[in-house]
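Input: a single structure, listed below in structure tokens.
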Amino acid sequence: MLFGLGSACFAVGSLPLFVARAAPGVVAWTFVVGSVLFTTAAASQLAGTPRDARLDRWAGLVQLVGTVCFNVSTLAATRDLAALPARRLVWAPDVYGSVCFLVASVLACAAVRRAAAGPGRSVDRWVAALNLAGSIAFGAAAVAARYVAGTTEETNAALVNAGTFAGAVCFLAGAALLPVGSARVARAASRSGAE
């Protein structure tokens, strides 16, 4: 649920209509709130991952590091971007966060592929695929967010917004599917326990 709420913040924050009508501070803080929700969700997910699920734990840890990078970049974006150190602070964690998300998504896909087939596993595959697609989109946005020398303008604002929005929608869809997979696993466990 927290990951879905964070995704919704990133989706709304990247909508051109929202960016055009909301004060810059409101837009920036929308991303900060979303990134904090991502971090809270990632920490909770990592804490709930069984110790023997090594790939899942690595994916969770790398994802958590990525969310902290997004915390740094979104918080830095609330300050005056005309200051060169602030621009570097936004660019670097955004790229590092995106790389962490991509690595975590690849590890999660590998973990799902290694898991035995069973109830909820097809949903797990969809969640992993959606998260991978979202990570790729966030990465495209991070690359497009390079700043033009001497300005506060991004190299390709349209791609930044499109990549952020597409990634957020993929993450939101993945978060929405998680309860479906969990419910299937729980039903299968209760049926096998009743036998």
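Counting in my numbering, the sequence shown runs from 87 upward without gaps. Beta carbons: idealized from backbone N, C-alpha and C, even for Gly. Every value quoted in this text rests on a predicted model; they were computed, and no experiment measured them.
In this structure, residue 122 sits away from residue 113, with a CB-CB distance that is not shorter than 8 Å. Selection 186, 194, 159 evaluated against residue 135 yields 194 as nearest (Cα-Cα). Closest in C-alpha terms to residue 249, from the list 266, 228, 265, comes 228. One thing to note: residue 139 has its Cβ within 8 Å of the Cβ of residue 197.
Between the alpha carbons of residue 130 and residue 147 lies a distance of about 11 Å.
Remark: C-beta atoms of residue 222 and residue 188 approach each other more closely than 8 Å.
A check of alpha carbon separations from residue 151 across 266, 226, 137, 124 identifies 124 as the nearest.
The closest CA to that of residue 99, considering only 214, 132, 253, is found on 253. Excluding sequence positions up to five before and after residue 256, its CB lies within less than 6 Å of the CB of 216, 219, 220, all in the same chain and listed in chain order. In the displayed model, residue 242 falls within coil according to three-state DSSP, outside both helix and strand.
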